[in-house]
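Asks: Shown below is the structure under consideration.
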Amino acid sequence: MFLRVRLGKWKGVIQKLGNAGLPYREEDNQILRLPAAVKVQDVLNLNHEAVVQDLQSARVLEGLADHLQQHKVYTVWDCCAASGGKSILMFDVLQGKMRLTVTDIRQGILQKLKERLQQARVPVYHAAVADVTQPRHGISEMFDIILCDAPCTGSGTWARTPEQLYFFNEKEIQTYQQKQQQIVRHVWEQLKPGGWMVYITCSVFAAENEAVVEFISQQHKARLLGAQYLKGYELQADTLFAAVFQKLF
Numbered sequence: 000m001f002l003r004v005r006l007g008k009w010k011g012v013i014q015k016l017g018n019a020g021l022p023y024r025e026e027d028n029q030i031l032r033l034p035a036a037v038k039v040q041d042v043l044n045l046n047h048e049a050v051v052q053d054l055q056s057a058r059v060l061e062g063l064a065d066h067l068q069q070h071k072v073y074t075v076w077d078c079c080a081a082s083g084g085k086s087i088l089m090f091d092v093l094q095g096k097m098r099l100t101v102t103d104i105r106q107g108i109l110q111k112l113k114e115r116l117q118q119a120r121v122p123v124y125h126a127a128v129a130d131v132t133q134p135r136h137g138i139s140e141m142f143d144i145i146l147c148d149a150p151c152t153g154s155g156t157w158a159r160t161p162e163q164l165y166f167f168n169e170k171e172i173q174t175y176q177q178k179q180q181q182i183v184r185h186v187w188e189q190l191k192p193g194g195w196m197v198y199i200t201c202s203v204f205a206a207e208n209e210a211v212v213e214f215i216s217q218q219h220k221a222r223l224l225g226a227q228y229l230k231g232y233e234l235q236a237d238t239l240f241a242a243v244f245q246k247l248f
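Heads up: the sequence shown at position 210 corresponds to 209 in numbering that gives the first Met the number 0, and the numbers run straight through without jumps.
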């Protein structure tokens, strides 16, 4: 299990873990590795002090950080927000200087997301159920940053859940690619000129990653600022893909 320690919480978290006698190992980027059986929720104020987040998932915004201005307040849309881990990460990367909109297609997930963001002390400007595979998704605001953690095969997690490979059907790759292309096409319209979109999957398949990057580059006025696989299989972590685009004027 990995914990990403929140801004300004490192000393307190380390002290609490030490006082409780819980074993941990320091990794890069404010990350701690702990045995899976450790009940950190009994020791830490989860989401406020630290977030349970995969080692490589905590790195997906590194390619964006170099392009940001320190004192600007950014409008951010996490369009496939799910459990909100990357919304919290974005809040920390921007040091709280953001106005956040979160959407997900699932009402139940959205309610849990709002509760988690409240625990994390992350203010939410707007939260809504939205199907971003459709052109009329209900979001009309223009954003400085769009975080697109797209639905995918999840193949980057199979190193720790190998049973998923047994049930996998290769036809799913094309199905997910079509959905990913629909999503990026529709959310791109809400990105301000000069703004950034971060496209993320936890897939190892080029059809869901490089092919979608090529689709974005061909379909939109976009500059690719960087794309990389964050490989976790040798680290007992997930493998993710992250690409950063800037919308041209």
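Beta carbons are placed, not taken as given, at the ideal position from N, Cα and C, and that holds for glycine.
#1: In this structure, does DSSP put Tyr175 in helix, strand or coil?
#2: Return yes when the Cβ of His185 is within less than 8 Å of the Cβ of Val131, no when it is not.
#3: Helix, strand or coil for Arg11, going by three-state DSSP, please let me know.
#4: Rounded C-beta distance between Thr102 and Ala129? I'm assuming under 8 Å.
#5: Which two residues bound the contiguous beta strand (DSSP E) that contains Gly225?
#6: Considering only their Cβ atoms, is the gap separating Val42 from Leu2 smaller than 8 Å?
#7: Round the Cβ separation of Leu246 and Lys230 to the nearest angstrom and send it over; I've been treating them as touching at under 8 Å.
#8: With H, G and I counted as helix, E and B as strand and the rest as coil, what does DSSP make of Met141?
#9: Among the residues of its own chain, which have a CB less than 8 Å from the CB of Lys178, if the five just before and after it don't count?
#10: In three-state terms, what does DSSP make of His185?
#11: In terms of residue numbering, what span does the alpha helix (DSSP H) encompassing Arg115 cover?
#12: What residues in its chain sit with their C-beta under 7 Å from that of Asp91, if we drop five residues either side in the sequence?
#13: What are the boundary residues of the alpha helix (DSSP H) that includes Glu158?
#14: Please classify Leu16 as buried or exposed, where buried requires at least 16 other C-beta atoms within 10 Å of its C-beta.
#15: Once DSSP output is grouped into helix, strand and coil, what is the label at Arg135?
#16: Classify Asp130 as helix, strand or coil using the three-state DSSP reduction.
#17: Please state if the CB of Tyr73 and the CB of Asp27 are separated by a distance shorter than 8 Å.
#18: Contact between the region 190-209 and the region 151-163: three or more CB pairs below 8 Å?
#19: List the DSSP bridge partners of Met0.
#20: On the three-state DSSP scale, how would you describe Glu26?
#21: Closest by CA to Lys96, which one among Pro34, Arg120, Gln69?
Replies: Quick answer:
#1: Indexing the sequence shown from 1 puts residue 175 at position 176. If DSSP states are grouped into helix, strand and coil, Tyr175 belongs with the helices.
#2: To locate residue 131, count along the sequence shown from 1; it is residue 132. To locate residue 185, count along the sequence shown from 1; it is residue 186. Yes, these two residues count as a Cβ contact at 8 Å.
#3: Reading the sequence shown from its first residue, position 12 is the one you call residue 11. Rather than Arg, the amino acid found at residue 11 in this sequence is Gly. Of the three classes helix, strand and coil, the one that applies to Gly11 here is helix, per DSSP.
#4: Numbered from 1 along the sequence shown, position 103 holds the residue referred to as residue 102. Numbered from 1 along the sequence shown, position 130 holds the residue referred to as residue 129. That pair is a contact at about 4 Å.
#5: Within the sequence shown, residue 225 is the residue found at index 226, counting from 1. It spans 221-229 - the beta strand (DSSP E) in which Gly225 sits, taken as one unbroken run.
#6: Here residue 2 corresponds to residue number 3 of the sequence shown, with the count starting at 1. Here residue 42 corresponds to residue number 43 of the sequence shown, with the count starting at 1. Contact flag unset, no.
#7: Here residue 246 refers to the residue found at position 247 of the sequence shown. Here residue 230 refers to the residue found at position 231 of the sequence shown. What sits at residue 246 in the sequence shown is Lys, not Leu. A Cβ-Cβ separation of about 28 Å leaves Lys246 out of contact with Lys230 under the 8 Å criterion.
#8: Translated into positions along the sequence shown, residue 141 becomes position 142. It is coil, neither helix nor strand.
#9: Within the sequence shown, the letter at position 179 stands for residue 178. Only Thr132, Ala149, Pro150 meet the Cβ criterion.
#10: As a first step, residue 185 must be located in the sequence shown, where it is residue number 186. The answer is helix: DSSP assigns His185 an H, G or I state.
#11: By one-based count along the sequence shown, residue 115 stands at place 116. 106-118 is the extent of the alpha helix (DSSP H) around Arg115.
#12: Here the question's residue 91 lines up with position 92 in the sequence shown. Same-chain partners within the cutoff: Arg5, Leu6.
#13: Residue mapping note: residue 158 aligns to position 159 of the sequence shown, counting from 1. Reading off the sequence, residue 158 comes out as Ala, not Glu. Ala158: not part of any alpha helix (DSSP H); DSSP gives it neither H nor E.
#14: Taking the first residue of the sequence shown as 1, we reach residue 16 at position 17. It counts as buried.
#15: Stepping through the sequence shown from its first residue, residue 135 is reached at position 136. Correct three-state label for Arg135: coil.
#16: Here residue 130 corresponds to residue number 131 of the sequence shown, with the count starting at 1. If DSSP states are grouped into helix, strand and coil, Asp130 belongs with coil.
#17: Translated into the one-based positions of the sequence shown, residue 27 becomes position 28. Translated into the one-based positions of the sequence shown, residue 73 becomes position 74. Not closer than 8 Å, so no.
#18: yes
#19: Working through the sequence shown from its first residue, we reach residue 0 at position 1. None, per the DSSP bridge assignment.
#20: Taking the sequence shown and counting its residues from 1, the one referred to as residue 26 is at position 27. Coil.
#21: As a working note, residue 96 is residue 97 in the sequence shown. Closest by alpha carbon: Gln69.
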